Amino acid sequence: MKAARTEKVGRVSRPFGTRTSKHVRTASRLAAHPLPRAPYPADFSLRRPGFGFAASVLMLAALSACPSTAAARSAESLFQAGAAAYRAGQYPRAAEAFHESVAHQPASGTLQDLGNAWWLCGRTGSAILAWEQARWLDPFNSSVRQNLRFARKTAQLEAPDLAWYEVVSTWLPASWWAWIAGISLWLAVGMGMLPGILRRPKATWHQAVAALGLMVFLLSVPAHIGVQTRSRIGFVLGKDIPLRLTPTLEAQAVTRLAAGEPGRWVRARGNYLLIQTSRALGWVEQEQFGVAYPRMERSAD
Amino acid sequence: MPLLLAGVVSLSAHAADPETNRPQPQMSLQGTRNDLGNRRALPQAQMPTQPPRDPFMSLMVSQPQIEIPAVPSATAVFDPPVVRPRERSYLRVMFNALEESIEWPTNLAAPPQLDISPGAHGQIFQMMGATMEPRTAVNYRVRAGGLGSFTVPEFVVRVAGRPVTVPAASLQVVAAPPTGVLPAARLTLELRATNLFVGQAVAARVLLPASPAGVVQGLGQPQLSGGGILADLGGARQRFEMLPQGGTRVPTFIYETTLTPVMAGKLIVYAQGFTAGSRFSGSVVVNGPATIQGGPPQYTLLESEPVELDVRPLPHEGQLPGFTGAIGRLTTGPPKLTPSVLRVGDPVKLTVIVTNCGDGPLARLVAPPPPPTQGWQVFAASDYAPALPLAPTQPVMRFGPNGNPVRTTTALPDELEGIVTFAYTLIPLTETARATPPIPFSYFDPKAGAYVDLTIPSVPVTVKPGAAPGDLASLVQAGTAGSEPEKELVLSGLAASRGRTAASLVPPQQQAWFPLVQLAPALFFFGLWSWDRRRRYLEAHPDVVLRRRARRALRHQCRVVQRAAQAADAPRFAAAAVNAMRVACAPHYPAEPRALVGGDVLPLLPEADRSGRAGEVVRHFFAVTDAARFGTAAPNVTDLLPLKPDLERVLQELEQKL
Numbered sequence: 000m001k002a003a004r005t006e007k008v009g010r011v012s013r014p015f016g017t018r019t020s021k022h023v024r025t026a027s028r029l030a031a032h033p034l035p036r037a038p039y040p041a042d043f044s045l046r047r048p049g050f051g052f053a054a055s056v057l058m059l060a061a062l063s064a065c066p067s068t069a070a071a072r073s074a075e076s077l078f079q080a081g082a083a084a085y086r087a088g089q090y091p092r093a094a095e096a097f098h099e100s101v102a103h104q105p106a107s108g109t110l111q112d113l114g115n116a117w118w119l120c121g122r123t124g125s126a127i128l129a130w131e132q133a134r135w136l137d138p139f140n141s142s143v144r145q146n147l148r149f150a151r152k153t154a155q156l157e158a159p160d161l162a163w164y165e166v167v168s169t170w171l172p173a174s175w176w177a178w179i180a181g182i183s184l185w186l187a188v189g190m191g192m193l194p195g196i197l198r199r200p201k202a203t204w205h206q207a208v209a210a211l212g213l214m215v216f217l218l219s220v221p222a223h224i225g226v227q228t229r230s231r232i233g234f235v236l237g238k239d240i241p242l243r244l245t246p247t248l249e250a251q252a253v254t255r256l257a258a259g260e261p262g263r264w265v266r267a268r269g270n271y272l273l274i275q276t277s278r279a280l281g282w283v284e285q286e287q288f289g290v291a292y293p294r295m296e297r298s299a300d
Numbered sequence: 000m001p002l003l004l005a006g007v008v009s010l011s012a013h014a015a016d017p018e019t020n021r022p023q024p025q026m027s028l029q030g031t032r033n034d035l036g037n038r039r040a041l042p043q044a045q046m047p048t049q050p051p052r053d054p055f056m057s058l059m060v061s062q063p064q065i066e067i068p069a070v071p072s073a074t075a076v077f078d079p080p081v082v083r084p085r086e087r088s089y090l091r092v093m094f095n096a097l098e099e100s101i102e103w104p105t106n107l108a109a110p111p112q113l114d115i116s117p118g119a120h121g122q123i124f125q126m127m128g129a130t131m132e133p134r135t136a137v138n139y140r141v142r143a144g145g146l147g148s149f150t151v152p153e154f155v156v157r158v159a160g161r162p163v164t165v166p167a168a169s170l171q172v173v174a175a176p177p178t179g180v181l182p183a184a185r186l187t188l189e190l191r192a193t194n195l196f197v198g199q200a201v202a203a204r205v206l207l208p209a210s211p212a213g214v215v216q217g218l219g220q221p222q223l224s225g226g227g228i229l230a231d232l233g234g235a236r237q238r239f240e241m242l243p244q245g246g247t248r249v250p251t252f253i254y255e256t257t258l259t260p261v262m263a264g265k266l267i268v269y270a271q272g273f274t275a276g277s278r279f280s281g282s283v284v285v286n287g288p289a290t291i292q293g294g295p296p297q298y299t300l301l302e303s304e305p306v307e308l309d310v311r312p313l314p315h316e317g318q319l320p321g322f323t324g325a326i327g328r329l330t331t332g333p334p335k336l337t338p339s340v341l342r343v344g345d346p347v348k349l350t351v352i353v354t355n356c357g358d359g360p361l362a363r364l365v366a367p368p369p370p371p372t373q374g375w376q377v378f379a380a381s382d383y384a385p386a387l388p389l390a391p392t393q394p395v396m397r398f399g400p401n402g403n404p405v406r407t408t409t410a411l412p413d414e415l416e417g418i419v420t421f422a423y424t425l426i427p428l429t430e431t432a433r434a435t436p437p438i439p440f441s442y443f444d445p446k447a448g449a450y451v452d453l454t455i456p457s458v459p460v461t462v463k464p465g466a467a468p469g470d471l472a473s474l475v476q477a478g479t480a481g482s483e484p485e486k487e488l489v490l491s492g493l494a495a496s497r498g499r500t501a502a503s504l505v506p507p508q509q510q511a512w513f514p515l516v517q518l519a520p521a522l523f524f525f526g527l528w529s530w531d532r533r534r535r536y537l538e539a540h541p542d543v544v545l546r547r548r549a550r551r552a553l554r555h556q557c558r559v560v561q562r563a564a565q566a567a568d569a570p571r572f573a574a575a576a577v578n579a580m581r582v583a584c585a586p587h588y589p590a591e592p593r594a595l596v597g598g599d600v601l602p603l604l605p606e607a608d609r610s611g612r613a614g615e616v617v618r619h620f621f622a623v624t625d626a627a628r629f630g631t632a633a634p635n636v637t638d639l640l641p642l643k644p645d646l647e648r649v650l651q652e653l654e655q656k657l
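These protein sequence lines map, in sequence, to chains A and B.
Position 137 of the first sequence, counted from 1, bears residue number 136 in numbering that gives the first Met the number 0, the numbering being contiguous throughout.
Position 290 of the second sequence, counted from 1, bears residue number 289 in numbering that gives the first Met the number 0, the numbering being contiguous throughout.
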């Protein structure tokens with residue numbers, strides 16, 4: 000029982016009776032001194048060493064996830080204007096308003112309505128791209144899933160052929176996987192390290208949480224890869240777009256692609272993108288092929 | 000003819016072995032001299048067999064080559080060139096180029112007095128000796144309001160990237176045209192109905208009457224043009240018939256097909272076709288006297304006046320199960336099952352004859368899908384019989400007492416418009432089945448504007464135990480699992496709110512700041528680990544801590560000594576000097592600094608200094624302070640101040656040992 004007792008010395012606790020010398024106890028005090036000072040009580044910071052990190056990460060995430068209030072207000076007003084135009088049957092105007100709202104702040108509902116407006120304007124490719132972007136943000140949106148099935152059935156289009164890890168990546172929003180992987184990894188590392196540093200005996204729940212974090216991290220790795228590869232999937236925007244053999248205007252057309260037909264972005268050259276469709280590999284003009292987010296096209300150059 | 004010969008030669012190259020019934024190669028009678036010589040040189044057993052020529056390849060080789068002129072040209076004429084006011088004329092532009100290579104301008108510059116609108120356009124190939132050349136025709140419908148001469152100026156069109164000038168064309172509008180000018184040949188499009196529902200087929204008839212001279216021409220590539228329609232080319236027929244026109248019966252070329260609107264709204268349909276002279280495609284029936292002109296074909300793209308269709312969507316209200324797009328006035332005969340006594344696992348065929356007696360032909364009809372039924376596995380198929388020919392007397396289908404259709408040709412022309420046989424293959428999965436499952440089927444009656452139920456009823460059946468299929472359990476399970484009907488897909492409504500928002504569509508892992516954020520916990524954990532490592536080292540080596548503490552205390556006491564010396568405070572100077580020597584020596588002894596005496600300091604000095612000046616200074620300082628502390632008389636400490644340089648030297652030596 001004596002060995003199980005702990006004595007708090009300064010900011011650390013250790014088994015009682017392991018050191019009897021007064022010098023050693025003084026050394027413990029000195030050793031505890033180099034820890035960084037925090038604005039909150041030192042004891043608090045030592046007992047919860049991850050709190051500062053978690054707080055800063057959460058703050059950064061909140062800052063990155065929440066755009067400025069002015070942009071949100073503008074996006075909301077544009078959304079309402081687009082909805083009003085849609086209800087009035089002015090679909091091109093509604094599409095324009097929804098498009099501007101998305102430019103201010105992408106939102107799943109706005110993208111869904113943008114797809115509806117494009118569809119009613121007869122722009123199948125743009126509609127499917129908008130719905131896919133909505134699903135990219137919010138895969139739980141059943142209306143978007145239904146619209147995509149409806150559009151593909153109506154236009155006789157095929158859905159993108161996804162690998163198993165890409166299918167896994169569609170279970171959650173694309174941005175979630177990054178946070179899940181980061182938090183679970185550092186949770187596992189923290190649960191492995193902190194009990195030793197804090198001189199606490201490793202409890203079962205420490206190991207369970209560490210194992211859980213590691214498992215979640217490992218499970219999220221395929222989804223990460225899926226997000227990466229899925230971001231290369233795009234859709235033909237125009238109607239009857241020629242898939243060219245070479246990236247030139249006079250190139251021979253390998254085949255013609257229908258609006259909304261999926262393809263995978265391989266690389267870019269000049270104003271052309273090399274895409275792989277289910278039928279053939281060839282070049283299309285960049286303006287005629289839309290990917291989930293336009294940054295991919297810019298980075299291609 | 001060459002194709003026929005090729006076919007004969009190909010057939011003669013194979014003859015069946017009477018014993019094995021396998022094709023055996025035989026010598027061709029059309030072999031060349033070299034071939035025969037080679038055969039003589041070879042033994043009979045090693046005679047090489049010449050592979051038969053592929054008939055499809057023969058057909059391709061026998062086709063004349065298509066030659067596209069290197070220098071494209073264009074012609075433009077008004078047909079007729081002289082018209083009355085408000086009379087229809089056509090501006091016919093003809094190219095010797097492929098239609099796809101022509102970049103036609105959106106707007107045509109024309110005098111404002113002319114009411115000009117785009118008409119038909121098409122492409123045909125014309126035989127030019129051994130080759131074929133493309134001919135592309137573009138029509139414009141023109142009508143002039145006033146008298147005068149109007150000219151459509153020449154304009155440039157890019158054909159295969161080259162500029163081609165379309166010449167100017169003039170139209171004379173006069174009150175009384177000369178007698179020699181004939182009106183433009185024109186097609187007539189006849190539709191049985193123009194108020195239709197989406198998917199409702201209607202019979203279309205294109206007429207080309209003979210010219211006033213009695214010359215009959217056929218149509219090449221006849222077609223119905225317009226948006227939102229489907230024309231059934233498979234059921235198209237063409238014939239000649241004497242039809243009344245202007246009080247007399249004239250031979251008329253007739254092209255019949257079925258038109259189905261696939262889009263709701265006002266649709267514009269017109270017929271077009273090239274006059275082909277004496278060239279016809281397919282079989283042609285000539286009823287009555289007709290003069291068929293010979294000679295080279297005269298390709299002119301004719302067209303009819305546009306016809307407007309009013310197409311309404313099918314109502315959603317009242318739609319019944321089993322509706323697969325059937326529109327008309329349908330009747331079904333009694334379902335026929337053969338045999339009616341069967342064993343488990345034996346397939347049985349259920350046939351139902353569907354007839355259409357509506358106003359329009361029966362479009363392609365899809366058999367209603369069989370409902371998921373426990374105890375039965377059902378496969379559906381439909382055999383489409385096209386609408387019967389629109390002959391003066393048409394056969395009529397009636398059902399006899401035994402359910403078999405009976406054909407009569409006695410009466411009721413235009414009543415029967417098509418027959419479809421639904422054939423279902425049913426396999427009983429259990430002997431408890433007593434009847435076939437009812438199959439929901441319905442159609443839309445355009446006259447009544449409502450859906451009509453025509454569910455195929457059950458047929459009593461006797462099922463005996465038999466060899467059940469191996470996957471019976473899975474089939475039965477699949478039948479029960481798929482009982483939920485598939486939900487019809489429709490476009491969703493507007494989202495009420497913006498939903499889940501994000502700062503960007505770019506995922507965080509592909510943004511520059513994300514790796515930095517992930518680096519922060521890594522740095523934190525590394526720092527924590529380093530601190531813990533240092534802490535453990537100090538715990539294992541406490542002397543390091545003691546020496547560090549002693550150095551710090553020594554520096555503090557040295558500062559006190561300095562200040563006391565500057566202030567000439569001799570007692571404080573003496574106490575600080577002794578304290579400094581004690582804290583500097585304490586780490587070398589397991590004791591408190593206050594417990595140390597001069598004897599403890601001297602051993603730490605070098606051997607030579609112990610008996611020298613340094614030792615004397617140490618002893619003097621401790622003696623004076625001890626006297627001040629324990630003695631009765633106050634000692635004179637002022638003489639210690641001059642010893643400051645010696646004291647500093649001693650302290651330096653002690654500090655070096657820490």
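For glycine and all other residues, C-beta sits at the position ideal for the given N, C-alpha and C.
Computed from a predicted model, the values in this text were never measured in an experiment.
Margin query: For a contact defined as C-beta to C-beta under 7 angstroms, what are the partners of V188 of chain A on chain B?
Written below: F524
Check: Going straight from the alpha carbon of A202 of chain B to that of V156 of chain B, what length do you get?
Finding: 38 angstroms
Check: According to DSSP, is M93 of chain B helix, strand or coil?
Finding: strand
Note to self: So, at 8 angstroms on beta carbons, what are the nonlocal neighbours of N20 of chain B in its own chain, with the 5 sequence-adjacent residues on each side left out?
What the structure shows: Residue placement at N20 of chain B is poorly supported in this model, since its pLDDT is 41, which falls under 50; the coordinates still yield a value, given next. Excluding positions up to five away in sequence, the list is empty.
Next item on the list: Report, in whole angstroms, the separation of the C-beta atoms of I274 of chain A and G233 of chain A, which I expect to be a contact under 8 angstroms.
Entry: 7 angstroms
Checklist line | Residue range of the unbroken beta strand (DSSP E) whose run includes Q125 of chain B | finding: L113 to M127
Item checked: When B:P79, B:T251, B:P104 and B:L364 are compared against P117 of chain B, the one with the closest alpha-carbon -> B:P104
Margin query: Counting beta carbon pairs with one atom in the segment 141-159 of chain B and one in the segment 108-115 of chain B, are three or more of them shorter than 8 angstroms?
Written below: yes
Checklist line | Start-to-end residues for the beta strand (DSSP E) that takes in S224 of chain B | finding: L218 to S224
Next item on the list: Determine the closest residue to V76 of chain B out of B:N138, B:L515, B:W512 and B:G227, with distance taken between C-alpha atoms.
Entry: B:N138
Notebook entry, point to check: Using a Cβ-Cβ distance under 8 angstroms, would P241 of chain A count as near chain B?
Noted result: no
Check: Under 8 angstroms Cβ-Cβ, which residues of chain B neighbour E75 of chain A?
Finding: R497
Checklist line | A184 of chain B and L300 of chain B closer than 8 angstroms at C-beta | finding: no
Notebook entry, point to check: For I228 of chain B versus T259 of chain B, is the C-beta distance shorter than 8 angstroms?
Noted result: yes
Notebook entry, point to check: Just to confirm, are V451 of chain B and T435 of chain B a CB contact at a threshold of 8 angstroms?
Noted result: no
Item checked: Supposed close pair Q122 of chain B, T135 of chain B - CB separation, criterion 8 angstroms -> 5 angstroms
Item checked: Close beta carbons around S570 of chain B, own chain, < 8 angstroms, minus the five adjacent residues each side -> Here residue 570 of chain B is Pro; the residue named in the question, Ser, does not match the sequence. A627 and V636, listed in sequence order.
Next item on the list: Taking C-beta pairs closer than 7 angstroms, name the residues in chain B that L273 of chain A reaches, listed in chain order.
Entry: What L273 of chain A touches in chain B: nothing, since even the nearest Cβ is about 20 angstroms away.
Notebook entry, point to check: Around the C-beta of W264 of chain A, are 16 or more other C-beta atoms found within 10 angstroms, so that it is buried, or is it exposed?
Noted result: buried
Checklist line | Residue range of the unbroken beta strand (DSSP E) whose run includes R140 of chain B | finding: T130 to A143
Check: With contact counted as at least three CB pairs below 8 angstroms, one residue from each stretch, are the segment 248-262 of chain A and the segment 198-210 of chain A in contact?
Finding: no
Notebook entry, point to check: So which residues on chain A does W528 of chain B lean against when the C-beta distance must stay under 8 angstroms?
Noted result: M192 and I196
Check: Under a CB-based cut-off of 8 angstroms, is V365 of chain B close to chain A?
Finding: no
Checklist line | Residue-chain proximity (K152 of chain A, chain B), Cβ-Cβ < 8 angstroms | finding: yes
Notebook entry, point to check: What residue range is occupied by the uninterrupted alpha helix (DSSP H) comprising I127 of chain A?
Noted result: T123 to L136
Note to self: For a cutoff of 8 angstroms on Cβ pairs, would you count H98 of chain A as touching chain B?
What the structure shows: no
Next item on the list: Could you work out which residue in A:P200, A:W130 and A:W185 is closest to R144 of chain A when comparing CA atoms only?
Entry: A:W130
Check: Using the beta-carbon count (16 or more within 10 Å), is G219 of chain B buried or exposed?
Finding: buried
Next item on the list: Examine chain B for any beta-carbon lying closer than 8 angstroms to the beta-carbon of S219 of chain A, and answer yes or no.
Entry: no
Margin query: Just list the residues that DSSP pairs P162 of chain B with in beta bridges.
Written below: B:R157
Check: Tell me which same chain residues have a C-beta within less than 7 angstroms of the C-beta of V158 of chain B, skipping the five on either side of it?
Finding: P71, F94, A96, S100 and I101
Check: Considering only residues of the segment 169-193 of chain A, which uninterrupted beta strand (DSSP E) runs meet the minimum length of 3 residues and lie entirely inside it, listed in chain order?
Finding: none
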